[in-house]
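Protein chains in written order, with the working numbering: chain E, 1 to 300; chain Z, 1001 to 1300; chain G, 2001 to 2260; chain C, 3001 to 3260.
Single-structure report; data block below.
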Amino acid sequence: MVNVTGLRLKNPTILAAGIMGTTGASLIRVAQQGAGAVVTKSIGPEPKDGHNNPSMVKLDFGYLNAMGLPNPSYEDFLPELKKAKQKSGVPVIASIFGSNEDEFRKVAQGLMSGKPDAFELNVSCPHAMGYGTSLGTDSKMVKAVTSAVCEVVNVPVWVKLTPNVTDIVAIGKAAEAGGADALVAINTVRGMAIDIHSGYPVLGNRFGGLSGDAIRPIAIKCVYDLYANMDIPIIGVGGISTWQHAVEMIMAGASAVQIGSGVYEGLNVFFNVSEGINNFLKEHGYKKTEEITGIAHERF
Amino acid sequence: MVNVTGLRLKNPTILAAGIMGTTGASLIRVAQQGAGAVVTKSIGPEPKDGHNNPSMVKLDFGYLNAMGLPNPSYEDFLPELKKAKQKSGVPVIASIFGSNEDEFRKVAQGLMSGKPDAFELNVSCPHAMGYGTSLGTDSKMVKAVTSAVCEVVNVPVWVKLTPNVTDIVAIGKAAEAGGADALVAINTVRGMAIDIHSGYPVLGNRFGGLSGDAIRPIAIKCVYDLYANMDIPIIGVGGISTWQHAVEMIMAGASAVQIGSGVYEGLNVFFNVSEGINNFLKEHGYKKTEEITGIAHERF
Amino acid sequence: MIPINSKITKIVAETPSTRTFFFDYSFEYAGIGQFVMVWIRGVDEIPMALSYKNAITVQKVGDATSRLFEIEEGGFVGLRGPFGKGFTIPKKRENILLIAGGVGAAPLASLAEKAFSEYSYVTIILGARNVDELLFMNRFLQCGHVYITTDDGSAHRCGFVTDVLEELDVSVYDRIYICGPEMMMKKVFDILEKEQALDRAEFSLHRYFKCGIGICGACCMDETGLRVCKDGPVFNGKDLMDTEFGKYARDASGRKKWFL
Amino acid sequence: MIPINSKITKIVAETPSTRTFFFDYSFEYAGIGQFVMVWIRGVDEIPMALSYKNAITVQKVGDATSRLFEIEEGGFVGLRGPFGKGFTIPKKRENILLIAGGVGAAPLASLAEKAFSEYSYVTIILGARNVDELLFMNRFLQCGHVYITTDDGSAHRCGFVTDVLEELDVSVYDRIYICGPEMMMKKVFDILEKEQALDRAEFSLHRYFKCGIGICGACCMDETGLRVCKDGPVFNGKDLMDTEFGKYARDASGRKKWFL
Ligand SMILES: Cc1cc2nc3c(=O)[nH]c(=O)nc-3n(C[C@H](O)[C@H](O)[C@H](O)COP(=O)(O)OP(=O)(O)OC[C@H]3O[C@@H](n4cnc5c(N)ncnc54)[C@H](O)[C@@H]3O)c2cc1C
Ligand SMILES: Cc1cc2nc3c(=O)[nH]c(=O)nc-3n(C[C@H](O)[C@H](O)[C@H](O)COP(=O)(O)OP(=O)(O)OC[C@H]3O[C@@H](n4cnc5c(N)ncnc54)[C@H](O)[C@@H]3O)c2cc1C
Ligand SMILES: Cc1cc2nc3c(=O)[nH]c(=O)nc-3n(C[C@H](O)[C@H](O)[C@H](O)COP(=O)(O)O)c2cc1C
Ligand SMILES: Cc1cc2nc3c(=O)[nH]c(=O)nc-3n(C[C@H](O)[C@H](O)[C@H](O)COP(=O)(O)O)c2cc1C
Ligand code: FES
Ligand code: FES
């Protein structure tokens, strides 16, 4: 049992936003496969088709994607959220986005009747103009958006940070000042690939976000820095597909981990990772995940 | 033949700073193995031992290092530079660092008698306190340092950028405004790895810089953005170890490429990459590298 | 993998609305019924079943397919794949029935050939709008008995594949494979359900694909949550019971679009 | 690779200043003369030759080695490797000479054993400060004829390995292997050069290592530019002609430190 901002998770693995999270049925399936909690696809104020394909490609060392925040709008997503809440048996966190406080507030309010266990604010998508990163790199906006949502909801608010900033701790502090209950780090790292045969950028959107193995050391560093400087819990995400990765992230300072691209390896990734963490804890004489959260900070 | 800020390179591959660049003999050897130009280890005002080991580890998807700018000081390095100039047969670029304008100026002046073909200003090392990134994330400092060096030297000045900023183009513009003749992108991406058996961060310095395959998509994106927004040439570096990687970087906007960690594959990496680029150009009916520089920007 | 740059070595006009594009790259280890993502640079990337190890057969329906139809022999596209789960290959001496509607014949023609070469007994019901649109008729004719139906009666009998199906004794078939427009497949599904043959049936589905590799969730089916791109596109009939199949699909934004 | 977490299963005090640390991890495919980087957590990571497939033999000289001497059986270090280029294994019936000074015996004892087991004829010159510091004498004695020298004459003859070498007919040895303090090796080098035996000689060198994998350039030799960590640590005598060998090395900052 892991407690994250009051949510009780049966294990510390959480489905990351934007991964198999477009429908209630899919979220339920992931929960049944072993995830301790699930985060929905980021939902916005209006329906969006997202960018043209190719919207995701697998590289040798990670993945590049530029989905462009496709989503059916909060109105159309509400039934999916309700379904997930009813049948998943695990906490369901609603990821939301907007281009300003008003939109964030509206989407959050619009989804409240679905009774999400928490909200995750996506202020960090690196490839949707006017959303995400353009907002998440500005401390003032992050604080404003966070407090706008905190004012209208009565469940914990997590804020998901982008690594594409000079100082992630400053953005984390802004979120905390806005009332965030936890931080989620990291969203994808801006990246790009070009097809040398044609000269075309591979993604429909030309550039996108890097995820998977390639970004794990970056995510570890972000979580490590946040843990050293923040009082609220950190949820670690980026490049986790094995229990060893998860333990590393937890030692850096994460209270729980999210798994995104790692789902490529199979949906049993949640079961395997949480079992692996459990065994590791047992072998080393620990009783719970909390005992190793941030221990890298004590090793000199 | 590639012309970069007036330097005539027999091929577009350049040894990156900090790689086998501590001695004249080593630079000469790399040149003999096929590099079109070589950049020295970053040299500073005082001798520095650098960080404790482990200072570099190979990961599955790249490398992590925190050397900590070890260098013998410009005074002790001068004979090495002279030797490299005398015997390498290729342009030798002196990489320098300091913690402010005065130090940069002093080091540049101190090395002028070694007749470097250009200077490369390292304002981007992510893991040496008070140097590098802490300076390279501040546009004002970058501009100040660049113009300080430009004033006292009569050879081209390249400025090497860190990707660990919110807006690399803004820093590039600052360098250009300071008088930079070219930009080099990117230095390593801040990163970290933790040994889960002990909880210790793996690097002696705890965190460091990520290089190699993992950062190629990040470097491509930085070079792409810089090319779109700058008038001075860009030299691309980050994760290049094959000619395909180099062509991708050039298509993103690079006039030449630097190879760092790729040396792990063998010193013939320079020969292989430059031969591969040549064959690619020939097969596609191009006469020189310049013709494909930035062509990804023309593909819609 | 980033898309494999593939040269179009030959283009065959199969019917007025479909063309087969052969590539210099062959997916030797692809299972029959697996698909590839076809990148038409500057336009879009779309899923296509492999109609041969080294070819796709495309119906022109919109932007990307129209642009593809403009590319000539010698031109290039990018290919990622093969992805997804294909058909179960029938065993020697098994009696199988293929039901193909329109461009749904694309993956089934390879299956017919494979089954025939492995000594299965093959029966095909091939349907199309009209006689000119009957796809891969020659490939099917070489593999077994072919029933033909056209919506307008321009070849053999007028009607739908289901008309033929209803006249056959379904119980004699060890396996039944279906690919075509969803409403056609749904009608077949209903008949097979009644005949209690669903567990012997495999349907190849279409949904809107984004990633194509089972991550983004764009193609998930209600209520199972199965991903058409990864857990499918071929599903056993049983796995489609009480699902959205035949009722609705989702568009690029994830909103439901009801079949009429 | 990040360092492999390795348990110290046994510690053997070889001499007053050296101890062998056996690990639960064995570098089965390591060449003799290759090294590992030993991470003593919280202190430093230092290069050590493998004295067995699963052990290193360490002389206590400074911070990291002192800390290592405090770790007990059951304790852990991190190991990366094996790295570098080791010794050329002699062929059957070849006549070989090993010259070991101090802890330089560490990689050579394995070589003696290997050569002996492959039917080479092995002669060893083993030198140390005093009789107690003679390292791996028993391992050498089982492999061939051993000449012993001690600086203080506490065992056999007083003097240096070079004194013995000068009395031997170098021309009878197909291969000569040397590991020890650089000034000792340099004196051997000079003798072998005079005897025109350098191309038959292999020296195992020490330089300051940072990366250990041939990237950072900390360990490069003048004037060849060869990296001790990657192109060495074992070098053919010819490759050391007209180099910094025996003259100077560099410290962590890259400044020259002259041998006295
Ligand atoms: C697994 C699978 C196999 C397929 N095999 C074939 C085949 O062998 N031959 C063939 O002609 N067609 C096949 N299709 C359908 C084909 O993908 C669409 O016809 C094509 O995407 C249309 O693209 P467009 O840009 O021309 O049309 P658009 O103008 O974009 O839209 C027309 C319709 O095509 C469909 N479509 C568009 N984009 C996608 C997408 N990314 N994913 C799924 N459907 C999309 C939608 O239903 C849309 O309404 C297959 C689809 C799937 C899912
Ligand atoms: C290829 C190679 C194989 C070696 N094999 C052995 C062996 O089998 N047994 C053994 O006892 N010693 C061996 N050494 C020497 C050993 O690495 C040093 O004794 C050790 O690093 C000292 O560390 P320290 O912290 O205790 O000493 P410090 O207090 O750090 O310094 C003492 C001296 O040790 C040397 N040293 C320190 N750090 C390094 C480093 N990173 N790289 C190289 N030298 C360093 C320097 O010469 C320094 O002056 C080997 C060295 C090399 C390069
Ligand atoms: C296909 C895809 C879609 C994503 N969509 C979202 C999203 O809608 N909202 C969000 O906050 N993050 C989104 N992300 C980012 C992930 O949640 C996660 O932060 C990132 O991928 C790093 O984790 P990973 O390496 O485990 O994938 C998406 C990532 C991918 C690969
Ligand atoms: C061991 C090592 C040392 C480095 N030292 C320097 C340095 O002194 N100055 C500098 O500007 N960059 C330094 N770098 C960064 C490289 O020059 C290069 O920008 C980076 O490694 C990315 O390129 P790569 O992926 O080809 O290695 C160093 C990199 C490595 C791996
Ligand atoms: S298209 Fe992304 S999961 Fe199927
Ligand atoms: S120690 Fe880095 S190159 Fe040898």
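Glycine residues also receive a C-beta, built at the ideal position from the N, C-alpha and C atoms.
Computed from a predicted model, the values in this text were never measured in an experiment.
Could you tell me if the beta carbon of Ala1066(Z) falls within a distance shorter than 8 Å of some heavy atom in ligand 2? The residue you call residue 1066(Z) lines up with position 66 of the second sequence. No, the beta carbon of Ala1066(Z) sits no closer than 8 Å to any heavy atom of ligand 2.
Would you list the residues sitting across from Tyr2147(G) in a DSSP beta bridge? Residue mapping note: residue 2147(G) aligns to position 147 of the third sequence, counting from 1. BP columns for Tyr2147(G) point to Ile2125(G).
Under 8 Å, CB to CB, which of the residues in the region 202-234 of chain E have a partner in chain G? Val202 and Gly204
Just list the residues that DSSP pairs Lys2085(G) with in beta bridges. Start at 1 with the first residue of the third sequence, and residue 2085(G) comes out as number 85. Lys2085(G) is bridged to Pro2233(G).
Which first and last residues belong to the beta strand (DSSP E) in which Arg1008(Z) is found? The residue you call residue 1008(Z) lines up with position 8 of the second sequence. Per DSSP, Arg1008(Z) belongs to the beta strand (DSSP E) from Leu1007 to Leu1009.
Let me check you understand the geometry: is the CB of Val223(E) closer than 8 Å to at least one non-hydrogen atom of ligand 3? Taking the first sequence and counting its residues from 1, one reaches residue 223(E) at position 223. Flag unset: Cβ of Val223(E) not near ligand 3.
Short of 8 Å Cβ to Cβ, which residues in the region 2216-2233 of chain G face chain E? Cys2216, Gly2217, Ala2218, Cys2220, Met2221, Asp2222, Glu2223, Thr2224, Gly2225, Leu2226 and Arg2227
Tell me whether the region 1218-1232 of chain Z and the region 1159-1170 of chain Z touch, counting them as touching only if at least three CB pairs, one residue from each stretch, are closer than 8 Å. yes
Nearest-angstrom Cα distance between Trp1158(Z) and Arg1206(Z)? In the second sequence, residue 1158(Z) corresponds to position 158, counting from 1. In the second sequence, residue 1206(Z) corresponds to position 206, counting from 1. The alpha-carbon atoms of Trp1158(Z) and Arg1206(Z) are separated by roughly 30 Å.
With DSSP collapsed to three states, give me the class of Thr2065(G). Here residue 2065(G) refers to the residue found at position 65 when the third sequence is read from its first residue. Thr2065(G): helix per DSSP, three-state reduction.
Let me know the beta strand (DSSP E) ranges lying completely inside the region 3002-3068 of chain C, each 3 residues or longer, listed in chain order. 3004-3013, 3018-3023, 3035-3040, 3044-3052 and 3055-3059
Taking only the alpha-carbon atoms, compute the straight-line gap between Pro1217(Z) and Val2161(G) and give it to the nearest angstrom. Working through the second sequence from its first residue, we reach residue 1217(Z) at position 217. Working through the third sequence from its first residue, we reach residue 2161(G) at position 161. Approximately 50 Å between the Cα atoms of the pair.
Coil, strand or helix - Val3170(C) by DSSP: Here residue 3170(C) refers to the residue found at position 170 when the fourth sequence is read from its first residue. Correct three-state label for Val3170(C): helix.
Under the criterion of a Cβ to heavy atom distance below 8 Å, does Ala1144(Z) qualify as lining ligand 4? On the second sequence, residue 1144(Z) is found 144 positions in, with the first residue counted as 1. Outside the cutoff, so no.
Distance check for Thr289(E) and Ile14(E), CA to CA, integer angstroms please. On the first sequence, position 14 is the one that residue 14(E) refers to. On the first sequence, position 289 is the one that residue 289(E) refers to. Distance between the alpha carbons of Ile14(E) and Thr289(E) is about 14 Å.
Using a Cβ-Cβ distance under 9 Å, would Met192(E) count as near chain Z? As a first step, residue 192(E) is located in the first sequence; it is residue number 192 there, counting from the start. Yes, Met192(E) counts as interfacial toward chain Z.
Proximal residues to Gly1050(Z) (C-beta, below 7 Å), its chain only, five neighbours per side dropped: As a working note, residue 1050(Z) is residue 50 in the second sequence. So the list reads Met1067, Gly1068, Leu1069 and Pro1070, once near-sequence residues are dropped.
Simplified DSSP assignment, three categories, for Ala1053(Z): Residue numbering aside, residue 1053(Z) sits at position 53 when the second sequence is read from its first letter. Note that residue 1053(Z) is Asn in the sequence shown, not Ala. Here Asn1053(Z) sits in coil by DSSP.
So which of Gln2034(G), Thr2009(G) and Ser2017(G) has the shortest CA-CA distance to Phe2235(G)? Locating residue 2235(G) in the third sequence gives position 235, counting from the first residue. Phe2235(G) has its Cα closest to that of Gln2034(G), out of Gln2034(G), Thr2009(G) and Ser2017(G).
When you compare the CB positions of Ala108(E) and Pro91(E), do they come within less than 9 Å of one another, or not? Position 108 of the first sequence, counting from 1, holds the residue named residue 108(E). Position 91 of the first sequence, counting from 1, holds the residue named residue 91(E). No.
Distance between Asn1065(Z) and Ile1210(Z) (C-alpha atoms, nearest Å): Along the second sequence, one-based indexing puts residue 1210(Z) at 210. Along the second sequence, one-based indexing puts residue 1065(Z) at 65. Note on identity: in this sequence residue 1210(Z) is Leu, with Ile being the wrong assignment. About 7 Å.
Find the residues of chain C that neighbour Val1159(Z), judging by a C-beta separation of less than 9 Å, and give them in chain order. Taking the second sequence and counting its residues from 1, one reaches residue 1159(Z) at position 159. Correct list: empty, because the minimum Cβ distance to chain C is about 23 Å.
Let me make sure I understand the geometry here. Which of Thr2123(G), Tyr2121(G) and Tyr2052(G) has the alpha-carbon closest to that of Glu2028(G)? In the third sequence, the residue the question calls residue 2028(G) occupies position 28. Answer by Cα proximity: Tyr2052(G).
Compute the Euclidean distance between the alpha carbons of Gly3101(C) and Ser3204(C), then round it to the nearest angstrom. Start at 1 with the first residue of the fourth sequence, and residue 3101(C) comes out as number 101. Start at 1 with the first residue of the fourth sequence, and residue 3204(C) comes out as number 204. Straight-line Cα distance between these residues: approximately 11 Å.
Given a limit of 8 Å on CB to CB distance, which residues of the region 2106-2130 of chain G reach chain E? none
Leu69(E) CB to nearest heavy atom of ligand 3 below 8 Å: Here the question's residue 69(E) lines up with position 69 in the first sequence. At least one heavy atom of ligand 3 is nearer than 8 Å to the Cβ of Leu69(E), so yes.
Identify whether Val264(E) lies in helix, strand or coil by the three-state DSSP scheme. Position 264 of the first sequence holds residue 264(E). What sits at residue 264(E) in the sequence shown is Tyr, not Val. Reduced to three states, the DSSP call for Tyr264(E) is helix.
Distance, Cα to Cα, Ser2006(G) vs Val2061(G)? Taking the third sequence and counting its residues from 1, one reaches residue 2006(G) at position 6. Taking the third sequence and counting its residues from 1, one reaches residue 2061(G) at position 61. Each residue's Cα considered, the two are about 22 Å apart.
Say yes only if the C-beta of Cys150(E) is nearer than 8 Å to one or more non-hydrogen atoms of ligand 6, and no if none qualify. Here residue 150(E) refers to the residue found at position 150 of the first sequence. No, the beta carbon of Cys150(E) sits no closer than 8 Å to any heavy atom of ligand 6.
Would Gln32(E) pass as an interface residue toward chain Z - the criterion being a Cβ-Cβ separation below 9 Å? If you number the first sequence from 1, residue 32(E) lands on position 32. So no, Gln32(E) is outside the interface.
So, using beta-carbon positions, are Ile2124(G) and Ile2089(G) closer together than 9 Å? Within the third sequence, numbered from 1, the residue matching residue 2124(G) stands at position 124. Within the third sequence, numbered from 1, the residue matching residue 2089(G) stands at position 89. Taking 9 Å as the Cβ cut-off, Ile2124(G) and Ile2089(G) do not qualify as a contacting pair.
Could you spell out the range, first to last residue, of the beta strand (DSSP E) harbouring Arg1090(Z)? Taking the second sequence and counting its residues from 1, one reaches residue 1090(Z) at position 90. First, the amino acid is wrong: residue 1090(Z) is Val here, not Arg. It is not in any beta strand (DSSP E) - Val1090(Z) carries neither H nor E in the DSSP assignment.
Taking only heavy atoms of ligand 4 into account, decide whether any of them is closer than 8 Å to the Cβ of Ile1259(Z). In the second sequence, counting from the first residue as 1, residue 1259(Z) sits at position 259. Because some heavy atom of ligand 4 lies under 8 Å away, the Cβ of Ile1259(Z) counts as near it: yes.
Suppose you measure from the CA of Leu2192(G) to the CA of Leu2165(G); what does that come to, to the nearest Å? Counting from one through the third sequence, the residue named residue 2192(G) turns up at place 192. Counting from one through the third sequence, the residue named residue 2165(G) turns up at place 165. Computed Cα separation, rounded: 9 Å.
Using the three-state DSSP reduction, which class does Glu2073(G) fall into: helix, strand or coil? On the third sequence, position 73 is the one that residue 2073(G) refers to. Coil.
Would a check of beta-carbon distances place Ile196(E) closer than 9 Å to chain Z? For this step, residue 196(E) is matched to residue 196 along the first sequence. At least one chain Z Cβ lies under 9 Å of Ile196(E).
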